[in-house]
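Student: Residue numbers (the numbering used here): 2 to 464.
#1: By how many angstroms is the C-alpha of residue 184 removed from the C-alpha of residue 413?
#2: Among 348, 228, 283 and 428, which residue has its Cα nearest to the Cα of residue 409?
#3: Alpha carbon to alpha carbon, how far is residue 375 from residue 334?
#4: Whole angstroms are fine: how far does the CA of residue 443 sit from the CA of residue 6?
#5: Rounded to a whole number of angstroms, what is the C-alpha to C-alpha distance between residue 96 and residue 156?
#6: Mind checking which residues open and close the alpha helix (DSSP H) that includes residue 154?
#7: So is residue 151 buried or exposed if we call it buried at 16+ other beta carbons inside 10 Å?
#8: Look at residue 134 and residue 144 and say whether their C-beta atoms are less than 8 angstroms apart.
#9: For the region 113-124 against the region 172-186, do three or more pairs of beta-carbon atoms, one drawn from each stretch, fall closer than 8 angstroms, so that the two count as touching?
#10: Entirely within the region 355-431 and at least 4 residues each: give me those alpha helix (DSSP H) ranges in chain order.
#11: For residue 246 and residue 88, I'd like the C-alpha separation in whole angstroms.
#12: In whole angstroms, what separates the C-alpha of residue 406 from that of residue 60?
#13: May I have the straight-line CA-CA distance separating residue 289 from residue 435, to the nearest angstrom?
#14: Should the region 205-214 be regarded as contacting the region 319-334, the criterion being three or more beta carbon pairs within less than 8 angstroms?
#15: Buried or exposed, going by whether 16 or more other CB atoms sit within 10 Å of the CB of residue 429?
#16: Please tell me whether residue 218 and residue 45 are closer than 8 angstroms, where the distance is taken between their beta carbons.
#17: Closest to residue 381 by C-alpha separation, out of 393, 372, 373 and 371, would be which residue?
#18: Could you tell me if residue 305 is buried or exposed, where buried requires 16 or more neighbouring beta carbons within 10 angstroms of its beta carbon?
#19: Please report the residue range of the alpha helix (DSSP H) in which residue 457 lies.
#20: Hey, residue 350 and residue 227 are a contact pair by Cβ (cut 8 angstroms); roughly how many whole angstroms apart?
#21: In this structure, does DSSP put residue 303 in helix, strand or coil?
#22: Using C-beta distances below 7 angstroms, list every residue in its chain close to residue 138, excluding the 5 sequence neighbours before and after it, in chain order.
#23: What did DSSP end up calling residue 215 once you bin it into helix, strand or coil?
#24: State buried or exposed for residue 79, treating a residue as buried only when at least 16 other CB atoms are found within 10 Å of its CB.
#25: State the Cα-Cα distance for the pair residue 242 and residue 224, rounded to the nearest angstrom.
#26: Distance check for residue 101 and residue 233, CA to CA, integer angstroms please.
#27: Residues in its own chain within less than 7 angstroms of residue 239 by CB, not counting five upstream and five downstream?
#28: Given this structure, state the Cα-to-Cα distance separating residue 117 from residue 455, to the nearest angstrom.
#29: Taking the alpha-carbon positions, what's the residue 345 to residue 281 distance?
#30: Cα separation between residue 220 and residue 93?
#31: By how many angstroms is the C-alpha of residue 178 removed from the C-alpha of residue 366?
#32: Can the beta-carbon of residue 121 be found less than 8 angstroms from the beta-carbon of residue 52?
#33: For residue 315, collect the residues of the same chain with a Cβ closer than 7 angstroms to its Cβ; drop the 5 residues on either side in sequence, then sort them by chain order.
#34: Going by Cα to Cα distance, which pick from 47, 43, 41 and 40 is closest to residue 312?
#35: Closest to residue 377 by C-alpha separation, out of 141, 62, 142 and 274, would be which residue?
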C-alpha cells in the first residue's frame, strides 16, 4: 500500500491557520493585559478624540454662522487651530520630557478646558464679523486649545513608550491611534441631535463636559503608584536606574547633539508626507462643506456622520493591519499606505454621489491604517531616551505646514467649485478633487523614487 501524501498537507494547513490567528490575536491579548497607567492614557485619548474631532468638524460652520465670517476667513480659523496645535507640539513637546507625563497631561487639559469654554461663549459676548469682539474671544479660546494640545499628544506618546514592553509596544501605539479615531467617529452620532436641539454652541458645551471627565480620568487612573508599577512591568525603571543623571547644561548639549534636524533622511521622510497629509486637512476644511453643499437629503442633513465615518473604520482597521504587518518593513508600508490613501481622491473626481463618497472614505481609510500609526511609532521609538517629546514635536512640524498651506487655499477652492447657496447640480467639485488627488499622489511617488537612498541609512528603533 502506498503511503498517503495527503495527511501532512491536511494537518499543515490548520497549523498555518492557527499560527496566523495567533499572530493576529496575541498583540491584542498583550495589550488588554496592559497596566492601569496605560489604560488611563487610552481612556483619556478616547475622550480627547471625541472632543477634538467634534469641535473641529463644526468649527468652520461655527465661524460662518455664529461669528459671521466668510468661507475663506472661516477656513483660516480652522487652520489657525490645527496648524497652531502642530507648531505648539514643536515648541512645547520638550516640556513633557521635563515635567513628566502626568503633570503635562493635567496642564494641557486645563488649558484646553479654558479655551473651549471661551470658544463656546464667544458668540454671546460681543458683536459678529471679522475682528469683532466675538471673533477675538473665539481666537483666544483657540489659543488655549492650541497650547494644551501642543503638550497633550507628545505626553501621551511619551507615556506609551515608557509604559510598554517590546511585546505590546506596536499594538499599544496602534490602539492609541485607533482610539483617537474612535473618538473621531462618535461625534457623528452625538452631534446631530444635540445640534438640532441646541445649536452648535450646545454641542460645544457637551465637549466642555467631556474635557472635565478627561481630567478626572488622569487624576484617578494615572496615579504615582500606577506609573511606577507600569514602568517596572515594562522594564523602564530598570533601564533608567543604571544611567547617570545629567545636569541642565549636559542635558542641553545632549539635546542639541541628538536633535533630529541633523539627520537628512529623517527630515526627508517627514517632509515628503506633506502632500498626502493634505487629505487629512481636507477632512475638516473641505468635507463638511462638500457633504453639505454638493448633496441633498441624507448626506446633506447628516453631514457629521459622513465626515466622521472614516475614524470608525480606522478604529477597526488599524489594530488588525498592525497585527498583520508588524513584521513588515516600515518604509515599504509607508509607500504602499500613502499610495492607497492618495489614489481614492480621484474617485471623488467622478462627481458627488453616495457610492463615490463611500469609495473615497473606505479606501482612503485603509491607506491611512497602513501607514499613520506606523509612522508615529517610528518617530517615538527612534528618539533617544527622554527625548520622545521633542522628537514627536519635530516629527509633526510638516503636519503644521500642511495645515497652514491647506487652510490657505481650501476656502478659495470651495468658493470657486462648491460655493454656498448654489444648487448641487451647479457645483464643479470634480475639478477640485482631481487637483487634490494630484497633490496627494506626490508622497508615494517621492518615497518610491528615494527608496534606494533612504534604505541605506533608515533607522528602525533605539534602545
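Built from N, CA and C at the ideal position, the CB exists for glycine as well.
Tutor: Once the coordinates are examined:
#1: 30 angstroms
#2: 283
#3: 8 angstroms
#4: Below a pLDDT of 50, predicted positions are generally treated as unreliable, and residue 6, at 43, falls in that range; no measurement from the model is reported.
#5: 9 angstroms
#6: 134-163
#7: buried
#8: no
#9: no
#10: 355-383, 389-396 and 398-418
#11: Because residue 246 sits at a pLDDT of 49, beneath the cut-off of 50, its placement in the model cannot be relied upon, and the point is left open.
#12: 18 angstroms
#13: 18 angstroms
#14: no
#15: exposed
#16: yes
#17: 393
#18: buried
#19: Premise fails: residue 457 is in no alpha helix (DSSP H) and is neither H nor E.
#20: The Cβ separation is near 50 angstroms, so there is no contact.
#21: coil
#22: 119, 123, 126 and 127
#23: helix
#24: buried
#25: The predicted model places residue 242 with a pLDDT of 37, which falls under 50 and marks its position as unreliable; any figure quoted below should be read in that light. Distance between the alpha carbons of residue 242 and residue 224 is about 21 angstroms.
#26: 16 angstroms
#27: Residue placement at residue 239 is poorly supported in this model, since its pLDDT is 37, which falls under 50; the coordinates are not used for a value here.
#28: 42 angstroms
#29: 13 angstroms
#30: 22 angstroms
#31: 13 angstroms
#32: no
#33: 179, 182, 366, 369 and 370
#34: 47
#35: 274
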